[in-house]
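Participant: Per this note's numbering, the sequence shown starts with residue 247, numbered consecutively.
Here a beta-carbon is modelled for each residue, glycine too, at the ideal position from N, C-alpha and C.
Before I ask anything, let me first share the structure, which is written out below as structure tokens.
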Amino acid sequence: MAATDIIWDYVVVGAGVAGSVLASRLRQYDQSLNILLLEAGSDTRSREDILYANANPVGGDLDWNFKTEPIPGFQNRETVIGQGKGLGGSAAINMAGWVRGSAHEYDDWADMVGDDRWRFNNQLPYMKMSETWPTKENSDVHGYSGPIQVATSKSTGRDFPLRDALAQKGLESIGIKPLPHLDGFSGDNLGYATSVEARVVGKRQIPTAAYPMDGVTILVDTLVEKILSEPGVNGTGLRATGVLLASGEEVKAKNVISCAGAFQSPKLLMLSGIGAKKELEAHDIEVKVDLPEVGKNLGDHLVFFQFWKLRNPEKGYALGSSNPLFQQPQFGMGIPIDWVTCATVGKEKLSEAISKDEGATPTASHRLLKHDRSFNELLVIYLAFSPANPVIPMDGSHLNTAVISLLPTSRGSIGLRSAKASDPPVISPNYLDTEVDRYVYRDGLRSMAKLMLDTEFGKEYIEGETAPDNVDPIRLDSSDEYLDERIANGAVTSWHPHGGCSMGKVVDSGLKVSGFENLYVVDSSVIPVALSTHLMAPVYALAEQAAAILSGKEQ
């Protein structure tokens, strides 16, 4: 029987992390349900080439390969901003990092939407539900029977030669503490912890393969043009009746859930007549619900990479060297880092930056000031390679570092390029628009410079930065202007977009779209606030919780 011949209980649009988890769990909770999972990309489940690679190139066949509009904060640079395309979504092509973040932001989320179910402690059961943790330490905050098997750098036996020196002679010297159990999953991530990835024996965990899909009908290479709707039963709202495929076929449904991702869910709503009236009318789209916040409140994390020349690289500190240690198989089983490190910033200068942005001196109760928060993630990576500007051979002569801004206050938008689903959205991330973001990023680069140049670790192992051509290497006394220019010319997305269908503005706290009886959004676009973490693990938890909400199975 064709998909067009059935009235489905749920049509789920998008088979990335959220859609895969949601379809699987809905079916597990009620095996009588007819569930259709639609994916515009291909079937990745037999793709051996993606399972063991640490990341797959942006721009490949499993990437939508979107580009932003010119970004003022990037000196009007455009940048590529990827999103996974195919079963598993971005989980099939990302770095597979598994991190949870701070309780503070989850609690902010709950406060913003007026619903305690989104507090950290109330999301924790769903965080645990998705994972199988490899050790029994700190067991109260971990799951041991979830579909996603994770591994720590320690559990794989992947201790790099500089592990202890970096921690004790470096990170602790700049005031970064070790977290209890070296575990950043208890709701406090301010410090350093062992790195964790969604891998088992190096094998990437793809949700559409890891979660049982028995009873779920999956269609790949199937682009959805728009969501169909009609007046609701009570006459005061609308009811989704299914979706129109790009092929022209209609699929009928009792409920529709958009899991199309941070860029595509806002786009799909707008193509379906749900969004700002002015924008919809500009593309001759019939307005079903005038909802101006669709596509607004877009946030993302930026990352800035640097290369650092090692003293005595012949001692074999980094991958690419002749150190026989690196011939052991575990060193090819994940990201070449030991620690995930989160750092805060000085509150006095942060307060000054907030005042510049908001036009008033903030009080100590301001959201960004009332807790010690993780503003920047600092990573030291034992693999450095660059084909151009600067040229860095993969010979173990350099380390690579990354500074990731975790709590940006700049907000961008997503818009329509046309009324066709096949056209990419207009993505305007508005990076570095606020003084808070510029200050926080400067502080992050200064912290990294201090770590690499002014600690016992740095003085013993690091010769200095290898900067791009015609750029002076960073110094301990580098000016704000110098740092701002480096960031504007060098920062890129770290693939953590969120917020374009924000909870409390586009969807309610039960994930239902405003003005509809049976239309939902479940993906990172509903997260209304920046989380101090990579977003894959939180989206797994979000989808687990969404399935429980829709099935009446909340814990």
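CB-CB under 8 Å to P538, same chain, minus the five flanking residues each way: which ones, in chain order?
Facilitator: Only G521, A522, K523 meet the Cβ criterion.
Participant: Hey, how far is the Cα of Q702 from the Cα of E681?
Facilitator: Note that residue 702 corresponds to Glu in the displayed sequence, not to Gln. So the two alpha carbons sit approximately 32 Å from each other.
Participant: Once you ignore the five residues that flank W364 on each side, which residues in its own chain have a CB closer than 6 Å to its CB?
Facilitator: W355, A356
Participant: Quick check: the stretch 751-769 against the stretch 732-741, are at least 3 beta-carbon pairs closer than 8 Å?
Facilitator: No: fewer than three Cβ pairs fall under 8 Å.
Participant: Roughly how many angstroms lie between the CA atoms of W585 and G306, to the nearest whole one?
Facilitator: Roughly 29 Å separates the two Cα atoms.
Participant: Would you check if there are 3 or more beta carbon pairs closer than 8 Å linking the stretch 507-519 to the stretch 663-676?
Facilitator: yes
Participant: So if DSSP puts N646 in a beta bridge, which residue, or which two residues, is it bridged to?
Facilitator: F553, I627
Participant: Just the Cα atoms here: how many angstroms apart are S632 and A713?
Facilitator: 11 Å
Participant: Do you know offhand how far R557's Cα is from E706's?
Facilitator: Cα to Cα, the separation comes out at about 7 Å.
Participant: Since Y677 and G319 are thought to touch, with beta carbons under 8 Å apart, how far apart are those beta carbons, to the nearest angstrom?
Facilitator: 5 Å
Participant: Going by other Cβ atoms of all chains shown within 10 Å of its Cβ, with 16 needed for buried, is V479 buried or exposed?
Facilitator: Per the 10 Å Cβ criterion, exposed.
Participant: Taking DSSP as the reference, what is the three-state secondary structure of Q395?
Facilitator: strand
Participant: A794 lies in the alpha helix (DSSP H); which residues open and close that run?
Facilitator: 782-797
Participant: Could you tell me the distance, in whole angstroms, from the CA atom of V775 to the CA atom of K595?
Facilitator: 22 Å
Participant: Evaluate N716 with the Cβ neighbour count: other Cβ atoms within 10 Å of its Cβ, from every protein chain shown; 16 or more gives buried, anything less gives exposed.
Facilitator: Here N716 is exposed. Its C-beta has fewer than 16 other C-beta atoms within 10 Å.
Participant: Please report the distance separating the alpha-carbon of D405 from that of S399.
Facilitator: 7 Å
Participant: Could you check if Y438 is buried or exposed, using at least 16 other CB atoms within 10 Å of its CB as the buried criterion?
Facilitator: buried
Participant: When the Cα of K472 is compared with those of L490, W344, L465, which residue comes out closest?
Facilitator: For the residues L490, W344, L465, the minimum Cα distance to K472 belongs to L490.
Participant: Could you give the distance in angstroms between the alpha-carbon of D641 and the alpha-carbon of P570?
Facilitator: 14 Å
Participant: Span of the alpha helix (DSSP H) holding S693?
Facilitator: 681-699
Participant: Could I get the ranges of all uninterrupted beta strand (DSSP E) runs contained in the stretch 366-447, with 3 residues as the minimum, in chain order?
Facilitator: 437-440
Participant: Check this for me: beta carbons of A648 and L625, under 8 Å apart or not?
Facilitator: yes
Participant: Note down the Cα distance separating A528 from V470, rounded to an integer number of angstroms.
Facilitator: Inter-residue distance for A528 and V470 is about 21 Å (C-alpha atoms, whole angstroms).
Participant: With DSSP run on the structure shown, which of helix, strand or coil describes S504?
Facilitator: strand
Participant: May I have the straight-line CA-CA distance separating L284 from K449, to the nearest angstrom?
Facilitator: 25 Å
Participant: Hey, out of G690, D603, T609, P671, whose CA is closest to D679's CA?
Facilitator: D603
Participant: Does DSSP put P477 in a helix, a strand or coil?
Facilitator: In this structure, P477 counts as strand in the three-state DSSP scheme.
Participant: Give the range of the beta strand (DSSP E) segment to which R271 is assigned.
Facilitator: Where R271 is concerned, there is no enclosing beta strand (DSSP E), although the alpha helix (DSSP H) it sits in stretches over 263-275.
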